[in-house]
Amino acid sequence: MGADNACDFDTIQAAINSVISNHIRIASNKSYFENLEIINGNEKLVGGYADCTQAAQNITDLSQANVTGNGTDPVIYINALLSNNYDVEVKNLVIANGGHGIYIRSQNSADLSVLVKGVRMFNNNNQGLSVLDNNGGQANVVMDKVQVDFNDNSGVSCDGENTSVKIAGTSVISNNSAENGGGLSVFNGCDVSVYSPTEIKDNEADTSGGGVNVFKGSLNVIGLHSTCENGVCFGVDDAPVIISGNVANADGDNSGNGGGIMVSGVDADVSIINAQINDNQARHGGGFYAQSGASINLIGYETPVQECWQPGACMQLFDNRAIFGGGFAAESDDTEVLIYASEVMGNRADKGIVGRIIGNASAEIASTIIHHNGMDPDNTYNNDALFHIYGQQTFAPSLALRAVSIADNSIAGHVFDNFHGDLTVTSSIVFDQQDVYLESGNTASASYQCVIAHESDSFNAGGSVSVVDRSMTPVFVNPNAGNYHLLVDSPAIDYCYEIMDDPGSDLDYDSRGADNPDVINLHGTYDIGADEFDINDDIIFKNGLEQD
41 MGADNACDFD TIQAAINSVI SNHIRIASNK SYFENLEIIN GNEKLVGGYA DCTQAAQNIT
101 DLSQANVTGN GTDPVIYINA LLSNNYDVEV KNLVIANGGH GIYIRSQNSA DLSVLVKGVR
161 MFNNNNQGLS VLDNNGGQAN VVMDKVQVDF NDNSGVSCDG ENTSVKIAGT SVISNNSAEN
221 GGGLSVFNGC DVSVYSPTEI KDNEADTSGG GVNVFKGSLN VIGLHSTCEN GVCFGVDDAP
281 VIISGNVANA DGDNSGNGGG IMVSGVDADV SIINAQINDN QARHGGGFYA QSGASINLIG
341 YETPVQECWQ PGACMQLFDN RAIFGGGFAA ESDDTEVLIY ASEVMGNRAD KGIVGRIIGN
401 ASAEIASTII HHNGMDPDNT YNNDALFHIY GQQTFAPSLA LRAVSIADNS IAGHVFDNFH
461 GDLTVTSSIV FDQQDVYLES GNTASASYQC VIAHESDSFN AGGSVSVVDR SMTPVFVNPN
521 AGNYHLLVDS PAIDYCYEIM DDPGSDLDYD SRGADNPDVI NLHGTYDIGA DEFDINDDII
581 FKNGLEQD
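Quick note: the sequence shown uses the working numbering, first residue 41, plus one each step.
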């Protein structure tokens, strides 16, 4: 396919319709103005050739041939209608000015697999790539090293319980605009996996899910090397998935939630391992927003044989902004949030700088460092309360902090503002300039076990709570440099007994409860805060975080 005399066809559709070959090599010496259809076909559309002579010899320069649509129909329409297996590959093309960029549909028990590799999908009047099922059809799409940008709807959209999408390689989904789900939309049972070092950035939604919108679907974000299949490697260890700079409520009508991620609906679930969620913005939930029975887990993961991209801070939630819930917000109907082995910093909000939990939602934060939130030199936000728990007499949201280090945040009001909610703080350190706790509503409750705090007058402390003046008794290695590992003589070492629901490992995946023989146990052998001091590792400041 191309413009020179060595070419067999001068249009791509003519080559698709022929029976000469289902492997079509497309030269870059011509621009193609077509809307292509692949119906019940096994086809390979492969660009990356300077001319047809090079294509005939399979000598590639990895150039991308331009295919431009009519502005209404999909540039490439792939439809499987019969109960057969179909394989389609689209490589090294630029796909622009379609109703959709690539539109994929599997129907009537068909089994369709599509590989999209080295393709740019931009400036389309609907989604960059859309995949859906119908009448039992199955569609599985792999996207590798793609660029999806400047589309007038979601960059990538997936709909249906028999559909799946994997996004891998140096893929970038950016600058797309939609009503919901600017970068990525996951609907109705679709299963999407996003692997590092993919970036979902600078997208916007007029309503919710500036970066990602998940409604009754499943999203897995994986910042680790997983496997390689058919020439595609899924994930790397030395870079995170990045969800950054996305905006919900882009039209400014105060109805937009989930700047980075919006997840909603029973059976909707999001699992995120080793990622950066940063610099996103919304009305509710700058980093992410969960509601209506959904669940979302953020986990920083590393093992002795597989370190992550940033040991000690593999999962980061930072610099997100919202009116309510700068880092996150969770609302109603048994919605569940888990943040584990993470670093949370730099978030801002009018209320609930790090998080806001509403209705009967629940949030648990464990083995996590929370520091330098509420820093707002321009005074754009009120930055009232690090956490806002907001319920009613008939239902109570809950927040549990287990083995968490809180320090050096800039807060107006209190660390915890609890209205008709339930708060549990165990094995944790709380150091900030404002009082720890404010309670209102006659059904509010709070409990504390094994806590070191900067004051205890604002809450019912109990016998395992201690007040420490950090200026007199240092606790962390070097907080000015962001190192919140425990100092060798920290009062948090060997402070606590074993608490049933506390995490079994710390921020660095060291086991909890290691007895330091140089320290007299206060209540037990368990350290408190995000770090469990390991005399073999932390004495030299684990993971390269030396003391300055």
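Even for Gly, the Cβ is constructed at its ideal location relative to N, Cα and C. Values in this document were obtained by computation on a predicted structure and should not be read as measured data.
Please state whether DSSP places residue i in a helix, a strand or coil.
i	result
Asn119	strand
Ala95	helix
Asn583	Note on Asn583: pLDDT 44, under 50, position unreliable in the model; no value is reported.
Asn518	strand
Gly399	coil
Cys47	coil
Asn260	strand
Ala501	coil
Leu155	strand
Ile552	The sequence shown places Arg at residue 552, rather than the Ile named in the question. Three-state DSSP puts Arg552 in coil, outside helix and strand.
Ala415	According to the sequence displayed, residue 415 carries Met and not Ala. DSSP places Met415 in coil when its eight states are reduced to three.
Asp390	strand
Thr203	strand
Ser248	coil
Val559	coil
Val310	strand
Met41	coil
Asp242	coil
Ile405	strand
Asp588	Here the model assigns Asp588 a pLDDT of 40, short of 50, so the residue's position is not dependable and the matter cannot be decided.
Gln147	strand
Arg510	coil
Should residue i go down as buried or exposed, given a rule of 16 or more other Cβ atoms within 10 Å for buried?
i	result
Thr420	exposed
Ala443	buried
Gly109	buried
Gln346	exposed
Ser511	exposed
Pro280	buried
Gln178	buried
Phe499	buried
Met355	buried
His63	exposed
Phe358	buried
Gly544	exposed
Gly502	exposed
Taking the Cβ atom as the reference point for each residue, do residue i and residue j lie within a distance shorter than 8 Å?
i	j	result
Asn163	Ser123	no
Asn320	Asn286	yes
Asp457	His428	yes
Ile409	Ala288	no
Ile397	Ala440	no
Asn215	Asn243	yes
His460	Gly481	yes
Ile144	Met183	no
Ser204	Val186	no
Gly141	Gly158	no
Gly81	Pro114	no
Gly326	Gly386	no
Gly111	Asn137	yes
Asp534	Thr565	yes
Val515	Pro531	yes
Gly305	Gly333	yes
Just to confirm the assignment, what range does the alpha helix (DSSP H) spanning residue i have?
i	result
Ile52	52-57
With residue i as the anchor, note down where its beta strand (DSSP E) starts and where it stops.
i	result
Glu74	Here Glu74 belongs to no beta strand (DSSP E), and DSSP marks it neither H nor E.
Phe456	456-459
Val528	Looking at the DSSP string, Val528 is not in any beta strand (DSSP E), and its letter there is neither H nor E.
Met540	Note, Met540: premise wrong, no beta strand (DSSP E); not H, not E.
Met183	178-184
Gly88	83-89
Asn318	315-318
His324	321-324
Ile451	Neither: Ile451 is in no beta strand (DSSP E) and is coded neither H nor E.
Gln187	187-189
Ala67	63-67
His428	427-430
Ser328	Note that residue 328 is Phe in the sequence shown here, rather than Ser. 328-331 is the extent of the beta strand (DSSP E) around Phe328.
Asp231	231-235
Phe435	Here Phe435 belongs to no beta strand (DSSP E), and DSSP marks it neither H nor E.
Ala105	105-108
Ser225	224-227
Would you say residue i reaches chain B, if we count a Cβ-Cβ gap shorter than 8 Å as a contact?
i	result
Ser58	Among the chains of the structure shown, chain B does not appear; only one protein chain is present.
How about residue i: is its Cβ closer than 7 Å to a heavy atom in the ligand FMN?
i	result
Leu264	Of the ligands one can find in the structure shown there are none, so the ligand FMN has no counterpart to examine.
If you scan the stretch 464-501 from start to end, which runs of the beta strand (DSSP E) of 3 or more residues do you find wholly inside it? Counting whole runs of 3 or more residues, the stretch 464-501 contains the beta strand (DSSP E) stretches 477-480, 485-493.
Which runs of the beta strand (DSSP E) spanning at least 3 residues fall entirely within the stretch 336-388, listed in chain order? Here the runs fully enclosed are 355-358, 361-364, 368-371, 376-380, 382-385.
Can you check the stretch 267-304 for any beta strand (DSSP E) of at least 3 residues that lies completely inside it and give the ranges in chain order? Within the stretch 267-304, the complete beta strand (DSSP E) runs of at least 3 residues are 267-269, 272-274, 281-284, 301-304.
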